[in-house]
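> In the UniProt record's numbering, the protein residues as written are 436 to 712. Using N, Cα and C, we set each Cβ at its ideal position, and we do this for glycine too. Below is the structure I would like to discuss, written out as structure tokens.
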Ligand code: C2E
Ligand code: MG
Ligand code: MG
Ligand code: MG
């Protein structure tokens, strides 16, 4: 059939590209449905304070409970949600659900626990983000200091002037701001002093080969000391072994998150995890 359409058409609509476009469209339709049909769920990964040994907070991680595919991880759908703009309504649901759940745990005496939510660049670029988050805090009654927003360097560096204003207005709500996947971006570090940031999260790529590669240990230790010099808190993600935890504790890292402590858990499993500790 592509032969009939000639060479150019063949190049533009090579079968693999056509299939890919079809697959994306199918995913988009399914994702739209997922939001409406309430197939999205949040799992919560504990964060451990290294000084007190206490779990002080959790990170909300979205999963899609797909009727066809079972539990789907965000790597398989966040990209499409971003491209189609579906991430905006999806992200609003995520913030609301995380705040609602966190307030429920507060009322149940399981805490106080902070909850971190990942924000995508598309969400962050919306002028009404602050107003939406303020409304959700009001609606759920969650104390603002228990909500942390995770942003990547590329999200805040897309438009630094706008980002500075947005971060300032978010800070005025009383929420905390953290930089996710720190160390993997390509941006100037000067934003760290210009933006109202509370926490740096060391990317898991530096932690995963901490023992094997000396340079990664040096980078992780360097980020800890950089953060502390700027009066920022520092959390390491992707901690999978006791040795990694010990290394980070020795370097003065404030908190850790990773499979060594726990994977992301559904609300029920998280409650059991907290009660057991
Ligand atoms: P992230 O925010 O950096 O989240 C950490 C990811 O690392 C999670 O994967 C988590 O399950 C995984 N992880 C945690 N501990 C370990 C460990 O010890 N070892 C290893 N190998 N991995 C670990 P997940 O849940 O698949 O999420 C992947 C990414 O998807 C997140 O990276 C985040 O960028 C994005 N994401 C997740 N939930 C949301 C959301 O609600 N909204 C948006 N916009 N993005 C989200
Ligand atoms: Mg994160
Ligand atoms: Mg991360
Ligand atoms: Mg997990």
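Restricting to runs no shorter than 4 residues, where is the alpha helix (DSSP H) found entirely within the region 511–546?
Whole alpha helix (DSSP H) segments, 4+ residues: 513–519 and 522–542.
> What residues are listed by DSSP as bridge partners for residue 478?
496, per the DSSP bridge assignment.
> Quick check: the region 687–698 against the region 481–488, are there 3 or more CB pairs under 8 Å?
With the cut-off at 8 Å, the region 687–698 and the region 481–488 touch.
> Extract the residue ranges of the beta strand (DSSP E) inside the region 542–624, only unbroken runs of 3 or more that lie entirely within it.
549–553, 582–587 and 611–617, all fully within the region 542–624.
> Out of curiosity, what's the CA-to-CA distance linking residue 530 and residue 571?
Near 8 Å, if we compare the C-alpha coordinates of residue 571 and residue 530.
> For the putative contact between residue 522 and residue 557, defined by C-beta atoms under 8 Å, what is the C-beta separation to the nearest angstrom?
Yes, residue 522 and residue 557 are in contact; Cβ-Cβ is about 5 Å, under 8 Å.
> With a threshold of 7 Å (Cβ to nearest heavy atom), would residue 647 be considered close to ligand 2?
Residue 647: no, Cβ never under 7 Å from ligand 2.
> Just the C-alpha distance for residue 517 and residue 560, rounded to the nearest angstrom, thanks.
Approximately 12 Å between the Cα atoms of the pair.
> Compute every distance between the C-beta of residue 686 and the non-hydrogen atoms of ligand 3, then say whether any falls below 7 Å.
No.
> Any residue with its Cβ nearer than 7 Å to a heavy atom of ligand 3 should be included. What is that list in chain order?
Every residue passing the under-7 Å Cβ criterion appears here: 615, 616, 636, 638, 639 and 672.
> For residue 712, which residues in the same chain have their Cβ closer than 7 Å to its Cβ, ignoring the five residues on either side in sequence?
Result list for residue 712: 490, in chain order.
> Would you identify the three-state DSSP class for residue 457, choosing helix, strand or coil?
Helix, per DSSP.
> Flag residue 680 as yes when its Cβ comes closer than 7 Å to any non-hydrogen atom of ligand 1, and as no otherwise.
Checking every heavy atom of ligand 1 against the Cβ of residue 680, none is found closer than 7 Å.
> Residue 494 and residue 555 look like a contact to me (Cβ under 8 Å); what is the Cβ gap, rounded to whole Å?
15 Å between Cβ atoms; not a contact.
> Taking the alpha helix (DSSP H) that residue 680 falls in, what are its first and last residues?
Counting along the chain, the alpha helix (DSSP H) containing residue 680 begins and ends at 677–685.
> Any idea if residue 596 is buried or exposed, counting beta-carbon neighbours within 10 angstroms, 16 or more meaning buried?
Flag for residue 596 reads exposed.
> What's the C-alpha gap between residue 535 and residue 508?
Approximately 22 Å, taken between the alpha carbons.
> At a cut-off of 7 Å, would you count residue 517 as near ligand 2, judging by its Cβ distance to the nearest heavy atom?
No, since every heavy atom of ligand 2 falls outside the 7 Å radius drawn around the Cβ of residue 517.
> Can you grab the Cα-Cα spacing for the pair residue 688 / residue 639, in whole Å?
Approximately 14 Å between the Cα atoms of the pair.
> Quick one: any contact between the region 617–635 and the region 657–667, if contact means 3 or more CB pairs under 8 Å?
The region 617–635 is in contact with the region 657–667.
> Residue ranges of each beta strand (DSSP E) run of no fewer than 3 residues wholly in the region 623–676, ordered along the chain?
DSSP runs (the beta strand (DSSP E)) wholly in the region 623–676: 634–637 and 668–671.
> Inspect the beta-carbon positions of residue 617 and residue 658 and report whether they are closer than 8 Å.
Against a cut-off of 8 Å, the Cβ pair of residue 658 and residue 617 comes out as a contact.
> Give a yes or no on whether the C-beta atoms belonging to residue 580 and residue 546 are separated by under 8 Å.
No. Outside cutoff.
> Which class does residue 506 belong to by DSSP, given the choice of helix, strand or coil?
It is a strand residue.
> Based on Cα-Cα distance, which residue from 585, 544 and 456 lies nearest to residue 496?
The option with the nearest alpha carbon to residue 496 is 585.
> Bridge partners of residue 690, per DSSP?
According to DSSP, residue 690 bridges with 484 and 670.
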